[in-house]
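Data block below; observations after.
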Amino acid sequence: MAQVDAAAGTADLIDGKAFAAGLRERIAQEVAGLDFKPGLAVVLVGEDPASQVYVGSKGRQTVEAGMASFEHRLPEDTSEAAVLDLVARLNDDPEVDGILVQLPLPKQIDSTAVINAIDPAKDVDGFHVINAGRLATGQPAMVPCTPLGCLMLLKDRLGDLSGLRAVVLGRSNIVGKPMAQLLLGQNCTVTLAHSRTKDLPGECGRADILVAAVGRPEMVKGDWIKPGATVIDVGINRLPPSAPPGEPGGKGRLVGDVDFEEAAKVAGAITPVPGGVGPMTIACLLANTLVAACRRRGLPEPELL
Ligand code: NDP
Numbered sequence: 001m002a003q004v005d006a007a008a009g010t011a012d013l014i015d016g017k018a019f020a021a022g023l024r025e026r027i028a029q030e031v032a033g034l035d036f037k038p039g040l041a042v043v044l045v046g047e048d049p050a051s052q053v054y055v056g057s058k059g060r061q062t063v064e065a066g067m068a069s070f071e072h073r074l075p076e077d078t079s080e081a082a083v084l085d086l087v088a089r090l091n092d093d094p095e096v097d098g099i100l101v102q103l104p105l106p107k108q109i110d111s112t113a114v115i116n117a118i119d120p121a122k123d124v125d126g127f128h129v130i131n132a133g134r135l136a137t138g139q140p141a142m143v144p145c146t147p148l149g150c151l152m153l154l155k156d157r158l159g160d161l162s163g164l165r166a167v168v169l170g171r172s173n174i175v176g177k178p179m180a181q182l183l184l185g186q187n188c189t190v191t192l193a194h195s196r197t198k199d200l201p202g203e204c205g206r207a208d209i210l211v212a213a214v215g216r217p218e219m220v221k222g223d224w225i226k227p228g229a230t231v232i233d234v235g236i237n238r239l240p241p242s243a244p245p246g247e248p249g250g251k252g253r254l255v256g257d258v259d260f261e262e263a264a265k266v267a268g269a270i271t272p273v274p275g276g277v278g279p280m281t282i283a284c285l286l287a288n289t290l291v292a293a294c295r296r297r298g299l300p301e302p303e304l305l
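The opening residue of the sequence shown carries number 1 in the numbering used here; numbering runs sequentially from there.
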């Protein structure tokens, strides 16, 4: 495992980019051994630039893994009924094993209604209430991709997580809550912190595992971190450009929710941003699609961890 620049500190760098590449390779090998092609349908409504980039990457990596990619790009003013109709058709389509509706959806569409219309067996984002319930009750579920990716990195780094104290910062349905459930499932002692938590630094300071998913640039400081802790930074925040508008200087740099320079001097291991959790999310989407394809056909599930 690579070390962070000696000048910056001593933490090992958790290379999510390399791990994700290896995972995609294992998925591609599994897919090559099947006598059918798993299919992933991605639904994008509107022109959100970040979503366009994500959907493009998802489609490309799906094809690279040997799976079929079906992209459905709909205009910004599409009605909720039209999206629900498309989801119903994808639910019935035997070539489609996974369905992902890219969020956020335009304001006229209720995302909860759309997500809960997806067949839970094809819900590769793991956001359907049935999958959330299965995860919470320890039953086989489709698990949300970002927390699943974080768990893979943690197990790769630490092995058995049993008995470790874990603090998850952020309680969203797509990251924080499922992350806490996954860590509980690994027998960690879990604290789920949020914007009303008193003494965040104190809570974080007891954590052997700290997962930050708040969407606040560099909020977690070095002196919040227990020496030697493993820090997983989910945040993706773009700082304002350094140059004034209209002048060259490009986009502002990407940072996580953790102050990397400070944290790397204290933590035992840390994910960088970019190149940490980000690449794991799409790799886990492909993993979920393969798992969904096997489960739907009653085939044994591949060992991907
Ligand atoms: P949400 O905005 O849905 O949730 C943020 C959570 O952080 C909320 O629970 C909120 O608390 C909490 N929070 C906000 N401010 C503070 C604060 N000052 N102190 C303590 N807690 C706070 O975000 P997401 O979960 O969707 O995303 C979190 C981050 O992860 C973002 O930067 C996002 O870009 C990134 N992300 C990265 C992905 C990847 O692939 N790497 C995928 C998904 C997200 P409360 O509930 O009390 O409001």
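Ideal Cβ positions, reconstructed from N, Cα and C, are used throughout, including at glycine.
| Are the stretch 75 to 82 and the stretch 96 to 104 touching, with three or more C-beta to C-beta distances below 8 Å? | Per the Cβ contact rule, the stretch 75 to 82 is not in contact with the stretch 96 to 104 (fewer than 3 Cβ pairs under 8 Å).
| query | Taking Cβ positions, are Ala-132 and Asn-173 nearer each other than 8 Å? | reply | yes
| query | When we look at the beta-carbon of Pro-300 and count the other beta-carbons within 10 Å, is it buried (16 or more) or exposed? | reply | exposed
| request: Mark Asp-125 as exposed unless 16 or more other C-beta atoms lie within 10 angstroms of its C-beta, in which case mark it buried. | output: buried
| message | According to DSSP, simplified to helix, strand and coil, what is Ser-57? | response | helix
| said: Beta-carbon within less than 6 Å of Cys-294's beta-carbon, same chain only, minus the 5 sequence neighbours each way: which residues are those? | reply: Glu-301
| Going straight from the alpha carbon of Ala-88 to that of Pro-201, what length do you get? | 46 Å
| Are the stretch 62 to 69 and the stretch 109 to 127 touching by the rule of at least three beta carbon pairs closer than 8 Å? | no
| said: For Gly-39, list the residues DSSP reports as bridge partners. | reply: Ala-68
| Chain-ordered list of residues that sit, by beta carbon, closer than 7 Å to a heavy atom of the ligand NDP | Thr-146, Leu-169, Gly-170, Arg-171, Ser-172, Ile-174, Val-175, Gly-176, Ala-193, His-194, Ser-195, Arg-196, Thr-197, Leu-200, Ala-213, Val-214, Gly-215, Arg-216, Met-219, Val-234, Gly-235, Ile-236, Asn-237, Asp-257, Val-277, Gly-278, Thr-281
| task | Measure the Cβ-Cβ separation of Ala-213 and Leu-169 and say whether it is below 8 Å. | result | Leu-169 is positioned such that its CB atom lies closer than 8 Å to that of Ala-213.
| message | Spatial neighbours of Glu-95 within its chain, please: C-beta separation below 7 Å, excluding the five flanking residues on both sides. | response | Gly-39, Ala-68
| message | Just to confirm, is the Cβ distance from Thr-271 to Ile-225 under 8 Å? | response | no
| said: Using DSSP's beta-bridge definition, name the partner residues of Gly-98. | reply: Paired residues: Leu-40.
| request: Kindly list the residues whose CB is nearer than 6 Å to the CB of Gly-256, restricted to its own chain and excluding five residues on each side of it in sequence; keep chain order. | output: Asp-233, Gly-235, Val-273
| According to the neighbour-count rule (16 or more other Cβ atoms, all chains shown, within 10 Å of its Cβ), is Thr-230 buried or exposed? | buried
| In terms of residues, what are the limits of the alpha helix (DSSP H) holding Thr-146? | 145 to 158
| field | C-alpha gap between Val-114 and Ala-41, whole angstroms | value | Taking the straight line from one Cα to the other gives about 14 Å.
| task | Tell me whether Gln-186 sits in a helix, a strand or coil according to DSSP, three-state version. | result | In the three-state reduction of the DSSP assignment, Gln-186 falls in the coil class.
| message | Out of Leu-13, Thr-10, Arg-24, which one is the CA nearest neighbour of Thr-281? | response | Nearest to Thr-281 by alpha-carbon distance, out of Leu-13, Thr-10, Arg-24, is Arg-24.
| task | Compute the distance between the beta-carbons of Glu-203 and Val-167, then report whether it is under 8 Å. | result | One thing to note: Glu-203 has its Cβ within 8 Å of the Cβ of Val-167.
| query | First and last residue of the beta strand (DSSP E) that includes Leu-210? | reply | 209 to 212
| task | Tell me where the beta strand (DSSP E) around Leu-164 begins and ends. | result | Unbroken run through Leu-164: none, as it is neither H nor E.
| field | Opening and closing residue of the alpha helix (DSSP H) in which Ile-308 lies | value | Missing from the structure shown is residue 308; the chain here goes from 1 to 305 and no further.
| task | Take the Cβ of Pro-138 as the centre, count every other Cβ of all protein chains shown within 10 Å, and call the residue buried at 16 or more, exposed below. | result | Per the sequence shown, the amino acid found at residue 138 is Gly instead of Pro. By the 16-neighbour rule on beta-carbons within 10 angstroms, Gly-138 is exposed.
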